[in-house]
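A.B. asks:
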Amino acid sequence: MVVEASRTTGDSGLTLTGQLGSVMQESAKIALSWVRQHAYLLQLEKDFMKDEEIHMHFPSGAISKDGPSAGVTILTVLVSLLSHRCVRPDVAMTGEITLNGVVLPNEVEVVLVNTVGEVLLAAFEDGFPDIVPEDNHPLQSKL
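Numbering (UniProt numbering), first residue to last: 1 to 143.
#1: How long is the line joining the alpha carbons of Gly-47 and Ala-39, rounded to whole angstroms?
#2: For Leu-44, which three-state DSSP category applies?
#3: Could you spell out where the alpha helix (DSSP H) holding Ala-28 opens and where it closes?
#4: Please state whether DSSP places Ser-83 in a helix, a strand or coil.
#5: Is there a Cβ of chain C sitting closer than 8 Å to that of Asp-126, yes or no?
#6: Buried or exposed, going by whether 16 or more other CB atoms sit within 10 Å of the CB of Glu-96?
Here it is, written out as structure tokens:
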């Protein structure tokens, strides 16, 4: 899944577009909460969002998207945007994040949305040698 983000002058908010379900919207809020809580680690001002807006877009807007597994990707995109650090283009990510920044492997979502094997197979076929979180790696050997 591709995630785009921009930072502009605005009303101190987070705008999400791309037909997101409630669980993905919650994942974005959790990611932003983690960034706010750890602003000092990213060398951001405490009120870094004052008079600024972050817009995150998930392309293929006609397709509904939901589930917690994009959490780690959303968090990574936010950190990249705000810290001006590029994300390695050869890393695939899938996993729910907690408010403490822990990345959970895709266990719960398997039954609800898709199998982790399908996600890992797609990442492998698309040429991604690394998968985040590492807890998903044991599943890779079963493909």
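Positions of the beta carbon are idealized from the N, C-alpha and C atoms, including for glycine.
C.D. replies: This is what the structure gives:
#1: Looking at the sequence shown, residue 47 is not Gly but Asp. About 9 Å.
#2: coil
#3: 22-37
#4: helix
#5: Going by chain labels, chain C is absent from the structure shown, which holds only one protein chain.
#6: buried
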